[in-house]
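See below for the structure under consideration.
Number of protein chains: 2
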Amino acid sequence: MNAAHLPDRSCRAEIIAVGSELLQPPRQDTNSLYLTERLAGVGIEVRGKAVVGDNRAELESMLRSALTRAGLVILTGGLGPTDDDLTRDAVAAVLGMPLVEDAAVVQQIRERFARRGAVMPEVNRRQALVPDGAVVIENRHGTAPGLWIARDAQTLVLLPGPPGELRPMFDRVVEEWLAPRTGADRVYRRLLRICGRTESEVEEAVFPVYGPWAAQAMPIATTVLTAPAQVELHLSVRAEHAAAAGARLDEATGALIRVLGPDVFSVDGQSLEEVVGGLLRHGGQTVAVAESCTGGLVSSRLTDVPGSSAYVTFNAVCYSNDAKVRWLGVSAETLAAHGAVSEATALEMADGVRNRAGAQIGVGVSGIAGPTGGTDTKPVGTVVVAVTSAQTRVVRQYRFPFTRVRNKQFAAQMALDLVRRVLLGVDPGPAFVVRP
Amino acid sequence: MNAAHLPDRSCRAEIIAVGSELLQPPRQDTNSLYLTERLAGVGIEVRGKAVVGDNRAELESMLRSALTRAGLVILTGGLGPTDDDLTRDAVAAVLGMPLVEDAAVVQQIRERFARRGAVMPEVNRRQALVPDGAVVIENRHGTAPGLWIARDAQTLVLLPGPPGELRPMFDRVVEEWLAPRTGADRVYRRLLRICGRTESEVEEAVFPVYGPWAAQAMPIATTVLTAPAQVELHLSVRAEHAAAAGARLDEATGALIRVLGPDVFSVDGQSLEEVVGGLLRHGGQTVAVAESCTGGLVSSRLTDVPGSSAYVTFNAVCYSNDAKVRWLGVSAETLAAHGAVSEATALEMADGVRNRAGAQIGVGVSGIAGPTGGTDTKPVGTVVVAVTSAQTRVVRQYRFPFTRVRNKQFAAQMALDLVRRVLLGVDPGPAFVVRP
């Protein structure tokens, strides 16, 4: 293969995922997400993607259409040994290339079976059929070889569907074949995570900042994503040099932090539990959590972080009032006077678990996850979070309008965020109501 | 509109999602999953789907291509008020229909703004442009109206991108316009969930059972999906009558249970924690969990189920050895002799939390989630689960080859499954090693 640059149109790619099962919800093509990321890294933009079933006429039609638009077409799946696996045949037909058996591929498949003490079934010979002129890409993790086909100004890449085979194969394709042929531009990214504002509040605050970026030199593309009680701003910029891209993204990140303040909890992709864990570790502190409505979710997220045993020793899930009294020392009088979902109870839960675990930071979470158990004054979705230390006592009340599991997710996120704010010594933010 | 049946090709649909942001990972088109389900419910099969950016030439090319294959083409997104919103223009151009302003739509948008005390910006007039001859579908949740276009033997439906607008609008389209025009067949589904076998073990066991179904009268389509320590078999059948479909699916489910036995934990979509919760509730029993490596995940999953306060009162996360001794009464001798990750310790954790919580069932989970902390004899991924009651003491050891969070997920699933088997009085299954 010549190391010529790809023609300009080749920097525009389309992806076709082949397989009837990919059209059956809840199945979905996820290979294209990986391919898009990897292609962006070498300056190739995915302009369109499609999913088609195991139907040769439909696949051929989609492929013909893609070839009118894209310089690089990547097909995934449909390279197995059965009659349902039609990608090889469709590509050969559309390009007018005869299929020929590649003896070296037959040999590789035979050896792969032999290594597992098996004999290659005859049906697997189909996987050695190659459009005449295609270059075989070795599959080190399965029997279906990949194929690289250069035709006039266009390139087709055929990849096996299983992610465990596709990913390592495509990594080699990108590094050895695509990167040397693409332009010098690469895509650089930055991810900001925000807690304490809704998506529309974030948009309203940051639009005046990021709006103009798209029209500037070295334009920054911005995508907004949401997770429970979390908004993500994904920034990306295309540039020749990492230093210039980094400076541009630093400047953009700084401008966003100026309007969003400490609601931005991470600018490097760290999760909230990683940020909290880092702060605890840095301060040499330990945390203990007493959970009612979140049922262990705060504790589970804290311990998702490698090395969290340095700052987590004992957490308690006290679902019943009796457990709150016996295991946390919450007073029966407090429960009787204020109820389990109250600032007084949450504070006693936080203090109780902190003292019993000998931790510096205590967290108490109590609420009504739903769907039943609400009252007029404390409707479903009411959650109280308390964070206490020897120096601080902070308590906040929230109201979430979601289903049980989603209310738990929001409550756990707000609890972790309150710990973060207490550790940082910043404004713990207001109590609030989230509207659906 | 005449209530004529859709032409045969109309039972083949394609979906085109429009929006450059949908091509930016980790964003993904999920509307098509909803549309596919709803269409299947009225016997319309989605044969292909595509995503294209906000580029008119590319969108027109994809639409032209789809119209060569499908009787029904659904376009989602690109109906907003800005210059980037190109779906109306592209459809009008491809079909050769002039765009005209619909006065009634302008009025509706104006009123929508007025209800929020705002004046309609002039830019929103774009949303009232309608290909001449299209039928407007009212948007009760936003400003972009949907469009229904019948042309010769084909139908196009344009829907707004936000799921909160698309879903209710499409529900009306399906009920009022599509269902009366499609054939009598509907799709009926069954979901079996399995724990205790890998995907390939399930496939090997059930392929002789489901393989022949596709070729029989009333063929059953089978899709296999996996989640941590869980395999799902999705069965679907197309039939005119619910009773016939139900009988066919009952028969199929029975045949699968005959080969998979009690590894099938649910045939109605219930999660493992729902099944365990149902068994506890049915038996009038309570459960208490002591977690080390899972860090609260078992407890959180148990309390994801509405009404779980009937059988969960107190669970403990004891991450340190000291906490295991102090809070669960695990003996220091056991920890010294066997270590924290051992059958003896897991059993004492289960007994300890059970006695302290006054529960009938105790669960202890101890392991090494990773990425560090492994030894030669107890490598990362080693997990011990104990389930005890006054009558039973069961303990199993597993070894998972995954990352920290995934090891936690597998461990929590196996713990819940062991509780299920103990409650059912069935074989608790072997200890085992999962290979990557």
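Just so you know, the sequences run in chain order E and U. Start counting the first sequence at 1; every next residue gets the next number (this note's numbering). Start counting the second sequence at 437; every next residue gets the next number (this note's numbering). Positions of the beta carbon are idealized from the N, C-alpha and C atoms, including for glycine. Computed from a prediction, not measured in an experiment: that's the story for all the values here.
Query, Result
"Taking Cβ-Cβ distances shorter than 7 Å, what residues in chain E pair up with Cys-447(U)?", "Within 7 Å Cβ-Cβ: nothing; Cys-447(U) doesn't reach chain E, min ~14 Å."
"Is Trp-763(U) close to chain E, meaning its C-beta is less than 9 Å from at least one C-beta of that chain?", "yes"
"Assign Pro-180(E) to one of three DSSP states: helix, strand, or coil.", "helix"
"Mark Thr-443(E) as exposed unless 16 or more other C-beta atoms lie within 10 angstroms of its C-beta, in which case mark it buried.", "Here chain E has residues from 1 to 436 only, and residue 443(E) is not among them."
"Checking the sheet assignment: what are the DSSP bridge partners for Val-819(U)?", "Gly-803(U), Tyr-834(U)"
"So is Gln-652(U) in contact with chain E if we call contact Cβ pairs under 9 Å?", "no"
"My parser needs the beta strand (DSSP E) runs of 3 or more residues fully inside the stretch 664-733 of chain U; what are they?", "666-675, 700-702, 723-727"
"Just to confirm my understanding: we take Ala-4(E), look at its own chain, exclude 5 residues before and 5 after, and list those with CB closer than 6 Å. What are they?", "In this prediction, Ala-4(E) has a pLDDT of 45, which is less than 50 and means its spatial position is unreliable; nothing more can be read from the coordinates."
"Check the C-beta distance from Gly-296(E) over to Val-317(E) and give it rounded, since I have them as a contact under 8 Å.", "5 Å"
"Residue ranges of each beta strand (DSSP E) run of no fewer than 3 residues wholly in the stretch 573-644 of chain U, ordered along the chain?", "582-587, 590-595, 622-630"
"So Leu-594(U) and Leu-515(U) are in contact, right, with Cβ under 8 Å, and what is the actual spacing, rounded?", "6 Å"
"For Gly-352(E), which residues from the same chain have a beta carbon less than 7 Å from its beta carbon, with the 5 sequence-adjacent residues on both sides left out?", "Ala-290, Leu-328, Gly-329, Val-330"
"What is the rounded straight-line gap between the Cα of Ala-344(E) and the Cα of Thr-334(E)?", "7 Å"
"Exposed or buried, what is Glu-273(E) when buried is set at 16 or more other beta-carbons lying within 10 Å of its beta-carbon?", "buried"
"If Val-231(E) sits next to Arg-248(E), beta carbons under 8 Å apart, how far is it from one beta carbon to the other, in whole angstroms?", "22 Å between Cβ atoms; not a contact."
"For a contact defined as C-beta to C-beta under 7 Å, what are the partners of Glu-21(E) on chain U?", "Thr-659"
"Taking C-alpha atoms, which residue in Arg-258(E), Ser-20(E), Val-105(E), Ser-308(E) lies nearest to Arg-281(E)?", "Ser-308(E)"
"What residues in the stretch 493-513 of chain U bring their beta carbon closer than 7 Å to a beta carbon of chain E?", "Glu-494, Ser-497, Met-498, Ser-501, Thr-504, Arg-505"
"According to DSSP, simplified to helix, strand and coil, what is Thr-334(E)?", "helix"
"So Leu-166(E) packs on Asn-31(E), CB below 8 Å; how close in whole Å?", "6 Å"
"Given that Lys-485(U) touches chain E, what residues does it touch there, using C-beta distances under 8 Å?", "Leu-23, Ala-50, Val-51"
"Is the stretch 24-42 of chain E touching the stretch 121-132 of chain E in the sense that three or more CB pairs, one from each, lie closer than 8 Å?", "no"
"Can you list, in chain order, the residues of its chain with a C-beta nearer than 8 Å to that of Gly-278(E)? Leave out the 5 residues immediately preceding and following it.", "Gln-270"
"What residues are listed by DSSP as bridge partners for Arg-448(U)?", "Glu-481(U)"
"Does Thr-523(U) come out as helix, strand or coil in the three-state DSSP assignment?", "helix"
"Buried or exposed for Gly-133(E), going by 16 or more other Cβ atoms inside 10 Å?", "exposed"
"Roughly how many angstroms separate the alpha carbons of Asp-699(U) and Pro-596(U), rounded to a whole number?", "43 Å"
"Assuming contact is defined by CB atoms lying nearer than 9 Å, are Arg-835(U) and Thr-818(U) in contact in what I supplied?", "yes"
"Once you ignore the five residues that flank Ala-93(E) on each side, which residues in its own chain have a CB closer than 7 Å to its CB?", "Glu-60"
"Roughly how many whole angstroms lie between the Cα atoms of Pro-168(E) and Tyr-470(U)?", "32 Å"
"Have a look at Pro-145(E), Arg-193(E), Ser-200(E) and flag the residue whose alpha-carbon is nearest the alpha-carbon of Val-173(E).", "Pro-145(E)"
"Which two residues bound the contiguous beta strand (DSSP E) that contains Leu-99(E)?", "99-101"
"Leaving out the 5 sequence neighbours to the left and right, which residues in its chain are closer than 6 Å to Tyr-646(U) when beta-carbon positions are compared?", "Thr-658"
"When you check each C-beta in the stretch 304-315 of chain E against every C-beta of chain U, which residues fall closer than 9 Å?", "Asp-304, Val-305, Pro-306, Gly-307, Ser-308, Ser-309, Val-312, Thr-313, Phe-314, Asn-315"
"Quick one: Cα of Met-533(U) to Cα of Val-487(U), how far?", "24 Å"
"Using a Cβ-Cβ cutoff of 7 Å, what residues of the stretch 458-478 of chain U are near chain E? List them in chain order.", "Leu-459, Gln-460, Pro-461, Pro-462, Arg-463, Gln-464, Leu-469, Thr-472, Glu-473"
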